[in-house]
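Undergrad: Residues in the sequence shown are numbered from 0 upward in steps of one, following numbering that gives the first Met the number 0. All residues carry an ideal CB built from backbone N, CA and C; glycine is no exception. Sharing a structure, written as structure tokens. Questions coming.
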Amino acid sequence: MYPYAPVTGRGADEAVPTTPPAGDYANSCVGREQAFLYGSQRYGTPGRLMRLEYAIDMRYGVLHDVAAKVFAGEPVDVTMGHVNVLWQGDANEQALRLFAHCTTPSSPINVSGPDVVSVRSLAQEFGKRFGKHPVITGKEAPTAWLIDTAAAQRLFGPPRVPLATMLDWQADWIARGLPDLGKPTHFETRDGKY
């Protein structure tokens, strides 16, 4: 929903205007948000517009995509070289806790992990856990789709599940050959066309 942000910063905060984004998915998110905002303004309905980025489940997500490629010896494209990630359980918890922080009219809040994480470093960490050398392709762009979650951190504190734990869980899941959803995130795509 946001424009690309420099990877040297914290990402786009809620004050950054959503731009006509690339791709159908991002456009549908902007349209959905506008519909909820309109309803909130017209009928005085309180709410929050949760802008979630890269929630992680062992069967799906950026960590799954990177870990599966490293484990299989497939190349990891680092062109979209930085991401925010958050354990799905933490995302669910924050979504429920937002009911106590609704506004009229509805207002946006970014939900994801607090850190800008290098995809290259994720591949290297999975390589260590698997005893493999990751195959890296591409060159990191100076910008990425990143969000600043400072407002959510002020409300809820840091996520309960840190990145290192998510990496351990994901590596174990992949190494044991446990099932996935068969739906890659396409996080490495920069044009919004999935």
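Find the nearest neighbour of residue 37 within the set 114, 192 and 104, judged by alpha-carbon distance.
TA: Position 38 of the sequence shown, counted from the start, is the residue given in the question as residue 37. It is 104.
Undergrad: Given this structure, state the Cα-to-Cα distance separating residue 76 from residue 187, to the nearest angstrom.
TA: As a first step, residue 76 must be located in the sequence shown, where it is residue number 77. As a first step, residue 187 must be located in the sequence shown, where it is residue number 188. About 7 Å.
Undergrad: What did DSSP end up calling residue 59 once you bin it into helix, strand or coil?
TA: Position 60 of the sequence shown, counted from the start, is the residue given in the question as residue 59. Residue state, collapsed to three classes: strand.
Undergrad: What do you get for residue 176, buried or exposed, if any count of 16 or more other CB atoms within 10 angstroms of its CB means buried?
TA: To locate residue 176, count along the sequence shown from 1; it is residue 177. Classification of residue 176: exposed, given that the 10 Å Cβ count is below 16.
Undergrad: If I follow the unbroken beta strand (DSSP E) through residue 106, where does it start and stop?
TA: In the sequence shown, the residue the question calls residue 106 occupies position 107. Counting along the chain, the beta strand (DSSP E) containing residue 106 begins and ends at 106 to 110.
Undergrad: What's the C-alpha gap between residue 168 and residue 2?
TA: Within the sequence shown, residue 168 is the residue found at index 169, counting from 1. Within the sequence shown, residue 2 is the residue found at index 3, counting from 1. Taking the straight line from one Cα to the other gives about 31 Å.
Undergrad: Per DSSP, what kind of secondary structure is residue 30 in: helix, strand or coil?
TA: Counting from one through the sequence shown, the residue named residue 30 turns up at place 31. Note: residue 30 maps to helix in three-state DSSP.
Undergrad: Inspect the CB distances between the stretch 123 to 139 and the stretch 51 to 59 and report whether three or more fall short of 8 Å.
TA: When C-beta atoms of the stretch 123 to 139 are compared with those of the stretch 51 to 59, fewer than three pairs fall below 8 Å, so the two segments do not count as touching.
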